[in-house]
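Working notes, structure below.
Here's what the structure looks like:
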């Protein structure tokens, strides 16, 4: 009858357990390293046990510079500006804060304490989300808004000046755009052609150009196109 070697069985079971633990470790390591966010892990005494490459990129710190060192020491030496880990240990709950690094990058960090069955903190896991690009976009958006408001104020001021000097009332955005263009054209020494249907205000616009031109002290002559034999297009001719 075949017998069972208990020592051999125990050895085999131990190998399987070891293999399973090693496999689990490899999986966990792959997950930590593949994270887009930086990950910083300490034990319950705030001693660094693991960081990933994303954290190295964000912070500028290398694993060999921080692993095995206490967060108290890292803050004291200026390696990091502040510690979510220490705050999470103090408050015994998850904490969130903003942090800046010597690399010039800004991050939102979330530190979460992990408890054992006896409610002792056995580790603190900190997630570090790089917010630099988002902050840059927010700053660009803010500057764009300020610039847009500045341009709007200037355009509105110019529009009021144009309307006041032209003795015109205009609300339609297209007409306001035309008047603003006319205001710019009026200071140029050039020929201006105004086209449009009868009654749209070509003569009013022509008089505005005349009043704001370098020839405003000269005579303003109007030629009534209605008295001219029919042409393909009706044009208000103004000699400045």
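Numbering (the UniProt record's numbering), first residue to last: 1 to 240.
C-beta atoms are modelled at their ideal positions from N, C-alpha and C, and glycine is treated no differently.
{"Asked": "Uninterrupted beta strand (DSSP E) stretches inside the stretch 79-119 (no shorter than 3 residues)", "Found": "95-100, 106-115"}
{"Asked": "Cβ neighbours of residue 112 in the same chain (closer than 6 Å, five flanking residues each side left out)", "Found": "94, 125"}
{"Asked": "Euclidean distance between Cα positions of residue 189 and residue 174", "Found": "25 Å"}
{"Asked": "CA-to-CA distance, residue 79 to residue 102, given in whole angstroms", "Found": "9 Å"}
{"Asked": "Close-in-space but distant-in-sequence residues of the same chain around residue 88 (CB under 6 Å, 5 per side omitted)", "Found": "95, 111, 113, 124"}
{"Asked": "Cβ contact (3+ pairs, closer than 8 Å) linking the stretch 36-54 and the stretch 119-138", "Found": "yes"}
{"Asked": "Own chain residues within Cβ distance below 7 Å of residue 182, not counting five before or after", "Found": "205, 208, 209"}
{"Asked": "Per-residue DSSP class, three states only, for residue 50", "Found": "strand"}
{"Asked": "Reduced DSSP category for residue 205 - H, G, I as helix; E, B as strand; rest coil", "Found": "helix"}
{"Asked": "The alpha helix (DSSP H) enclosing residue 76, as first and last residue numbers", "Found": "71-76"}
{"Asked": "Any C-beta of chain B under 9 Å from that of residue 207", "Found": "Among the chains of the structure shown, chain B does not appear; only one protein chain is present."}
{"Asked": "Residue 194 versus residue 155 - alpha carbon distance", "Found": "23 Å"}
{"Asked": "Status (buried if at least 16 other CB within 10 Å, exposed otherwise) for residue 22", "Found": "exposed"}
{"Asked": "Opposing strand residues paired with residue 244 [DSSP bridges]", "Found": "Here the chain covers residues 1 to 240 and nothing more, so residue 244 does not appear."}
{"Asked": "Close beta carbons around residue 116, own chain, < 8 Å, minus the five adjacent residues each side", "Found": "122"}
{"Asked": "Inter-residue spacing [alpha-carbon to alpha-carbon] between residue 64 and residue 20", "Found": "28 Å"}
{"Asked": "Of the listed residues 199, 196, 152, nearest to residue 180 (C-alpha basis)", "Found": "152"}
{"Asked": "Distance, residue 202 Cα to residue 140 Cα", "Found": "43 Å"}
{"Asked": "Opening and closing residue of the beta strand (DSSP E) in which residue 190 lies", "Found": "Residue 190 -> no beta strand (DSSP E), and no H or E assigned at all."}
{"Asked": "Exposed unless 16 or more other CB atoms sit within 10 angstroms - verdict on residue 31", "Found": "exposed"}
{"Asked": "DSSP-derived helix/strand/coil call for residue 221", "Found": "strand"}
{"Asked": "Backbone CA spacing between residue 100 and residue 172 [nearest angstrom]", "Found": "50 Å"}
{"Asked": "Straight-line Cα distance separating residue 144 from residue 258", "Found": "With the chain running from 1 to 240 in the structure shown, residue 258 is simply not present."}
{"Asked": "Residue 288 versus residue 58 - alpha carbon distance", "Found": "The structure shown does not extend to residue 288, since the chain is modelled only from 1 through 240, so no value can be given for it."}
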